[in-house]
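No gaps in the numbering here: position 112 of the sequence shown is 112 in UniProt numbering, and each next residue is one more.
Just below is one structure, and these are the notes that go with it.
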Amino acid sequence: MADELIFYTNPMSRGQIVRWMLEEVGAPYETKILGYGTSMKDAAYLAINPMGKVPAIVHNGRVVTECAAICAYLADAFPSAGLAPATTDRADYYRWLFFAAGPVEQAITAKHFGIEPDADQQRMAGFGSLGAALDALEGAIAGKTYVAGERFSAADVYVGSQIDWGLQFGTIPSRPAFEAYAVGLRERAGYKAAKAIDNALIAEMQATPA
Numbered sequence: 001m002a003d004e005l006i007f008y009t010n011p012m013s014r015g016q017i018v019r020w021m022l023e024e025v026g027a028p029y030e031t032k033i034l035g036y037g038t039s040m041k042d043a044a045y046l047a048i049n050p051m052g053k054v055p056a057i058v059h060n061g062r063v064v065t066e067c068a069a070i071c072a073y074l075a076d077a078f079p080s081a082g083l084a085p086a087t088t089d090r091a092d093y094y095r096w097l098f099f100a101a102g103p104v105e106q107a108i109t110a111k112h113f114g115i116e117p118d119a120d121q122q123r124m125a126g127f128g129s130l131g132a133a134l135d136a137l138e139g140a141i142a143g144k145t146y147v148a149g150e151r152f153s154a155a156d157v158y159v160g161s162q163i164d165w166g167l168q169f170g171t172i173p174s175r176p177a178f179e180a181y182a183v184g185l186r187e188r189a190g191y192k193a194a195k196a197i198d199n200a201l202i203a204e205m206q207a208t209p210a
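This is the structure:
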């Protein structure tokens, strides 16, 4: 039943990552669109995510927040979709899924806010520097179709979303390895379906007077 899997999002948010993952999973789900500064901060949603941010999912009454965690959770909750490697072969899967969610995300955010760690600060910051994080990310996907083995996985949804978004908005520099990896992922039916849904929602929101 769709009400067993509820997706809280805004189409102009990181919820696009989870939308893609949900479309890859292929299970029915209900979407609840929340507004910034309005329904995201209502008591009803704060009971789900005290941060008042999207995305979040509720699956059979259990809450999961944080994009990378949601991707990993959905891969395990719906094993028939084949979006997680065997438990004995998850080293790269976990490594790069959470590297993109941790050091890469932090480094891009710091750069956006004009923060450039000096040499001493780089030893303390988990991401070191943006350049170091991007070089490591490039090494993870260079010459590969998928980031964790020979099959598409939830790690590709998250890593691919970071790279795809970054290339589009200039937060990640264009490099041949990034471009080649992103091009392949953009051809997936799940990616296209998710983008179509969110783009339609964005158009609808923009056409509606405030």
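For each residue, glycine too, the CB sits at the ideal point set by N, CA and C.
*asked:* Can you confirm whether the segment 111 to 126 touches the segment 146 to 160 when touching is taken to mean that 3 or more C-beta pairs between the two stretches lie within less than 8 angstroms?
replied: no
*What whole-angstrom Cβ distance do P85 and A148 have, given they're in contact under 8 angstroms?*
6 angstroms
*Which runs of the beta strand (DSSP E) fall wholly inside the segment 1 to 31 and span at least 3 residues, in chain order?*
5 to 9
_For a cutoff of 8 angstroms on Cβ pairs, would you count A132 as touching chain D?_
The structure shown contains no chain D, having only a single protein chain.
*Where D92 and Y146 are concerned, what is the direct C-alpha to C-alpha distance, given to the nearest angstrom?*
11 angstroms
*Express the C-alpha separation of D42 and L167 in angstroms, rounding to a whole number.*
34 angstroms
*Where does T9 land, buried or exposed, given buried means 16+ other C-beta within 10 angstroms?*
buried
_Please report the straight-line C-alpha distance between E187 and R95, rounded to a whole angstrom._
25 angstroms
*Confirm, please, whether the CB-CB distance from V25 to F7 is below 8 angstroms.*
no
*Kindly identify the DSSP beta-bridge partner or partners of V64.*
I57
*For E23 versus A193, is the C-beta spacing smaller than 8 angstroms?*
yes
_Closest Cα partner of T65 within the set P50, F78, P79_ = P50
*7 angstroms Cβ shell around A140 - same chain, five flanking residues per side excluded*: W96, V147
_Cβ-Cβ separation, I70 to V58 (assumed contact under 8 angstroms), whole Å_ = Contact doesn't hold; Cβ gap of about 11 angstroms is too wide.
*How many whole angstroms separate the CB atoms of M40 and I202, which I take to be in contact at a CB cut-off of 8 angstroms?*
Their Cβ separation, rounded to whole angstroms, is 17 angstroms, which puts M40 and I202 out of contact at 8 angstroms.
*Could you say which of Y45, A44, L74, Y36 lies nearest to G28 if we only look at CA atoms?*
According to the sequence provided, residue 28 is Pro. The question's Gly does not apply to it. Nearest option by C-alpha distance: L74.
_Spatial neighbours of F127 in its chain, beta-carbon cut-off 6 angstroms, leaving aside the 5 residues before and after_ = P103, Q106, A107, A133
_Excluding the 5 residues flanking R90 on each side, which residues of the same chain have their C-beta closer than 8 angstroms to its C-beta?_
A84, A148
*To which residues of the same chain is H112 closer than 7 angstroms at the C-beta, ignoring the five residues directly before and after it?*
T171
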